[in-house]
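Colleague: Structure below; questions to follow.
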Amino acid sequence: MTDADDEFVPEKPDRLWSLTFPPLVWAVHFLASYLTAAIWCAKAGPQAGDADPVRVAIAAYTVVALTLIAVFGWIAFRKHRTGEATLPHDFDSRADQHRFLGFATTLLAILSFVATVFTALVVVFVGSCH
Amino acid sequence: MNSFPTQSALDPAGQGAESIAQLFYWMSGGAALIWCLVIGLAVYAIRRPQAHHYRLTRLLVIGGGAVVPTVVLTCLLSYGLSMMPELQRPAPEGSLTVHVHGVRWWWRVEYLGPSGQPIATANEIRLPVDQPIEFKLFSEDVIHSFWIPSLGGKVDMIPGRTTRLKLHPTRVGQFRGVCAEYCGGAHAQMNFDVVVSDAATFERWLADQSAPASEPETDLAVAGKAVFSQRGCGACHAIRGTAADGLVGPDLTHLGSRLRLGASLLDNTRQNLRRWITQTHQVKPKVEMPAFEALPEDELTALVAYLEQLK
Numbered sequence: 001m002t003d004a005d006d007e008f009v010p011e012k013p014d015r016l017w018s019l020t021f022p023p024l025v026w027a028v029h030f031l032a033s034y035l036t037a038a039i040w041c042a043k044a045g046p047q048a049g050d051a052d053p054v055r056v057a058i059a060a061y062t063v064v065a066l067t068l069i070a071v072f073g074w075i076a077f078r079k080h081r082t083g084e085a086t087l088p089h090d091f092d093s094r095a096d097q098h099r100f101l102g103f104a105t106t107l108l109a110i111l112s113f114v115a116t117v118f119t120a121l122v123v124v125f126v127g128s129c130h
Numbered sequence: 001m002n003s004f005p006t007q008s009a010l011d012p013a014g015q016g017a018e019s020i021a022q023l024f025y026w027m028s029g030g031a032a033l034i035w036c037l038v039i040g041l042a043v044y045a046i047r048r049p050q051a052h053h054y055r056l057t058r059l060l061v062i063g064g065g066a067v068v069p070t071v072v073l074t075c076l077l078s079y080g081l082s083m084m085p086e087l088q089r090p091a092p093e094g095s096l097t098v099h100v101h102g103v104r105w106w107w108r109v110e111y112l113g114p115s116g117q118p119i120a121t122a123n124e125i126r127l128p129v130d131q132p133i134e135f136k137l138f139s140e141d142v143i144h145s146f147w148i149p150s151l152g153g154k155v156d157m158i159p160g161r162t163t164r165l166k167l168h169p170t171r172v173g174q175f176r177g178v179c180a181e182y183c184g185g186a187h188a189q190m191n192f193d194v195v196v197s198d199a200a201t202f203e204r205w206l207a208d209q210s211a212p213a214s215e216p217e218t219d220l221a222v223a224g225k226a227v228f229s230q231r232g233c234g235a236c237h238a239i240r241g242t243a244a245d246g247l248v249g250p251d252l253t254h255l256g257s258r259l260r261l262g263a264s265l266l267d268n269t270r271q272n273l274r275r276w277i278t279q280t281h282q283v284k285p286k287v288e289m290p291a292f293e294a295l296p297e298d299e300l301t302a303l304v305a306y307l308e309q310l311k
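In order, the protein sequences belong to chains R and A. So the first sequence is residues 1 to 130, counted in the UniProt record's numbering. So the second sequence is residues 1 to 311, counted in the UniProt record's numbering.
Here's what the structure looks like:
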């Protein structure tokens with residue numbers, strides 16, 4: 001299939017960067033959660049005895065991260081649904097690149113969503129700095 | 001009491017080890033189930049002569065390849081995490097506390113006496129059954145890891161930091177502890193004995209350990225005490241109640257009452273004690289204690305007589 005056969009051709013070339021957004025959100029969430037827990041437990045944990053403030057902070061990070069990942073995933077899914085380029089989207093055409101990037105980003109968004117939930121699961125069960 | 005000390009996490013004798021063994025069996029069961037499913041599907045895919053149904057194939061790839069692993073992993077992660085709070089919770093206030101220092105390549109052990117005075121021993125830990133015990137863990141040189149597989153999980157001992165661990169033995173017996181983090185030449189021979197007994201036996205043992213060393217009664221042992229002093233053993237080893245107060249090596253106040261020598265390497269017998277003193281580096285290569293190969297026979301006999309009566 002070539003550009004000429006496609007009904008849809010994106011105006012601008014798609015950027016590879018968009019592929020990295022969902023995993024980037026997971027990475028930032030993981031780092032922020034880890035640092036918050038480490039700093040709180042090192043500085044205030046022994047006196048406070050529990051890690052409730054850490055749990056609240058990580059819950060907030062998680063809501064933000066999951067929302068961002070869902071938004072990126074939705075945009076990517078819409079991108080994937082646009083155009084007629086057929087699987088496996090490996091032609092050197094803008095339409096194929098467009099659908100391929102949308103599909104790959106959607107899958108990465110699902111993976112990042114699950115990974116972020118796994119990170120947050122720790123503070124669902126563990127409520128102290130011990 | 002077991003005749004041979006056990007060192008298996010799958011032969012649990014403590015609450016922590018029981019949870020860990022349970023988790024291992026669930027993981028193994030889950031792995032076996034997934035393995036059977038995958039191999040079964042592979043065999044089905046190879047053997048089925050006609051074309052595979054497209055929708056069914058797609059369902060199997062997405063369901064079996066993505067959804068089922070995610071669900072199984074979520075369940076196993078949740079199950080494992082749900083064990084953490086109890087495993088990590090400190091022993092209640094007032095519980096027996098034992099300080100253990102990792103030193104290349106032996107273990108310094110300290111209990112607290114009734115008036116708060118430390119009671120030092122080495123390479124052997126005795127515990128009462130059915131009680132939570134809090135361990136404070138230290139390292140004097142490099143990173144070690146404290147692990148009694150039959151009683152619970154392992155925790156690293158890090159220089160400059162204090163780490164902790166709670167153990168709750170549930171069965172009387174003799175167990176073996178190990179260093180679970182490579183720490184240098186004699187790492188594999190850095191072990192210790194653990195004896196779990198009823199509370200009364202433990203209290204009697206602790207009272208005996210808190211006493212200073214008994215004075216030698218036989219002429220040979222008296223001569224041995226003099227050898228210990230003249231040969232400079234006290235520079236590295238402490239024997240409470242004598243002038244020997246060295247801290248470099250293990251405290252020997254009640255050496256004769258211990259089960260084994262050289263960090264759980266040799267049974268504590270007269271022959272092995274002689275061997276340990278004269279052929280130290282053959283018995284435990286890299287150990288920091290110098291070998292006393294040239295010690296005259298009469299001095300060696302007297303020294304061994306003195307050390308073995310330190311009950």
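Ideal Cβ positions, reconstructed from N, Cα and C, are used throughout, including at glycine.
#1: Give the straight-line distance between the Cα atoms of residue 207 of chain R and R/L66, rounded to the nearest whole angstrom.
#2: In its own chain, which residues sit with a C-beta less than 8 angstroms from the C-beta of R/G127, not counting the 5 before and 5 after it?
#3: Look up R/I69 in the DSSP assignment and say whether it is helix, strand or coil.
#4: Per DSSP, which residues does A/F135 bridge with? Please list them.
#5: At a Cβ cut of 8 angstroms, what residues of the region 79-95 of chain A count as close to chain R, listed as they run along the chain?
#6: When you compare the CB of R/L121 with every CB in chain A, is at least one pair closer than 9 angstroms?
#7: I'd like the span of the alpha helix (DSSP H) that includes A/Y182, first residue to last.
#8: Along the region 91-114 of chain R, where does the CB come closer than 7 angstroms to a CB of chain C? Name the residues.
#9: Can you name the residues of chain A whose CB is closer than 7 angstroms to the CB of R/H130?
#10: Under the rule that 16 or more other beta-carbon atoms within 10 Å means buried, what is A/A13, buried or exposed?
#11: Note down the Cα distance separating A/N2 from A/G262, rounded to an integer number of angstroms.
#12: Assuming A/E124 and A/L259 form a contact by the criterion Cβ under 8 angstroms, report the distance between their Cβ atoms to the nearest whole angstrom.
#13: Anything in chain R within Cβ reach of A/T70, meaning under 8 angstroms, just list it in chain order.
#14: Identify every residue that forms a DSSP beta bridge with A/A122.
#15: Need the endpoints of the beta strand (DSSP E) that A/F292 sits in, please.
#16: Spatial neighbours of A/W147 within its chain, please: CB distance less than 7 angstroms, with the 5 preceding and 5 following residues excluded, ordered by chain position.
#17: Under a three-way DSSP split, which group does A/A238 fall into?
#18: Identify each residue in the region 65-80 of chain R for which the Cβ-Cβ distance to at least one residue of chain A is less than 9 angstroms, and report them in chain order.
#19: Verify the CB distance criterion: does R/F125 have a CB-CB separation below 9 angstroms to chain A?
#20: A/P250: which of A/Y25, A/A120 and A/V68 sits nearest, CA to CA?
#21: So which residues of chain R does A/L77 contact, with C-beta pairs closer than 8 angstroms?
#22: Check whether the region 124-143 of chain A and the region 106-123 of chain R are in contact - that is, three or more C-beta pairs closer than 8 angstroms.
#23: On the criterion of 16 or more Cβ atoms from any shown chain inside 10 Å, does R/T36 qualify as buried, or is it exposed?
#24: At what residues does the beta strand (DSSP E) containing A/S8 begin and finish?
#25: Whole angstroms are fine: how far does the CA of A/P149 sit from the CA of A/L23?
#26: Check each candidate in A/L303, A/A305, A/S210 and A/W26 and name the one with the smallest Cα separation from A/S78.
#27: Is A/D193 buried or exposed, if buried means 16 or more other CB atoms sit within 10 Å of its CB?
#28: So what does DSSP say about R/P13, is it helix, strand or coil?
#29: With the cut-off set at 9 angstroms, would you say residue 314 of chain A and A/F138 are in Cβ contact?
#30: Are the C-beta atoms of A/T57 and some chain R residue less than 9 angstroms apart?
#31: So that I know if they touch, is there some Cβ in chain R lying closer than 9 angstroms to that of A/C233?
#32: Looking only at its own chain, which residues have a Cβ that is under 6 angstroms from the Cβ of A/V61, when we skip the five neighbours before and after it?
#33: Counting only C-beta atoms, is A/L73 closer than 9 angstroms to chain R at any point?
#34: Do A/Q209 and A/V195 count as a contact pair if the criterion is CB distance below 9 angstroms?
#35: My output table needs one value for A/F192: the three-state DSSP class, helix, strand or coil.
#36: Are there 16 or more other CB atoms within 10 angstroms of the CB of R/P22, so buried, or fewer, so exposed?
Modeller: Quick look at the numbers:
#1: Residue 207 of chain R is absent from the model: chain R starts at 1 and stops at 130.
#2: D50, A51, D52 and R55
#3: helix
#4: A/V98 and A/L165
#5: L81, S82, M84, P85, Q88, R89 and P90
#6: yes
#7: Unbroken run through A/Y182: none, as it is neither H nor E.
#8: This model lacks chain C altogether, as its protein chains are R and A.
#9: Q88, R89 and P90
#10: buried
#11: Confidence is the limiting factor: at A/N2 the pLDDT is only 40, short of 50, which leaves the residue's position unreliable, though a coordinate-based value still follows. The straight-line gap from Cα to Cα measures roughly 21 angstroms.
#12: 6 angstroms
#13: V114
#14: A/R108
#15: That residue, A/F292, is in no beta strand (DSSP E); it is neither H nor E in DSSP.
#16: K154, G177, V178 and A180
#17: strand
#18: none
#19: yes
#20: A/A120
#21: F118 and L121
#22: no
#23: buried
#24: First-last for A/S8: undefined, no H or E at that position.
#25: 14 angstroms
#26: A/W26
#27: buried
#28: coil
#29: Because chain A in this structure spans residues 1 to 311, residue 314 of chain A falls outside the shown range and cannot be described.
#30: no
#31: no
#32: none
#33: yes
#34: no
#35: strand
#36: buried
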